[in-house]
Amino acid sequence: MSELLTRFTSCGRCSLFLAAYRLSHDDDVLDTASREIDKGWLALPWDQSVRKLINKSYGCRIDVESYHFESCCPECLGQFRYTKPEPDQPAYLLVKV
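For the sequence shown, this note's numbering assigns the number 126 to the initial residue and increments by one for each residue that follows.
Structure, rendered in structure tokens:
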């Protein structure tokens, strides 16, 4: 987990994103996601607060009805993406680590 925190804290925008994400979600969510990193992608559970947080942290507007969104941090170029899942499937924001 400390390696993951270091990756985010090296960038002002990414550290803002992670701090706000941690405040709005249980610690268990981030702990679980950090243990289950798949091929360098951190899967954070998606909800409308995450959409707003991306807008505030990175200046990216994601429409509520977006099917796919892919961008990067303007400071460190860290990549992130969201793809609307199939019905009855959980949604995730994928963050490259």
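Just so you know, even glycine gets a beta-carbon here, dropped at the ideal spot from N, CA and C.
| task | Using DSSP bridges, identify the partner residues of Pro170. | result | Tyr217
| query | Based on the DSSP output, what are the partners of Ser182 in its beta bridges? | reply | Paired residues: none, contrary to the question.
| Considering Glu211, what are the terminal residues of the alpha helix (DSSP H) in which it resides? | No alpha helix (DSSP H) holds Glu211; DSSP gives it neither H nor E.
| Quick one: what does DSSP say Asp151 is sitting in, helix, strand or coil? | coil
| task | Following the continuous alpha helix (DSSP H) through Ser127, name the residue where it begins and the one where it ends. | result | 127-134
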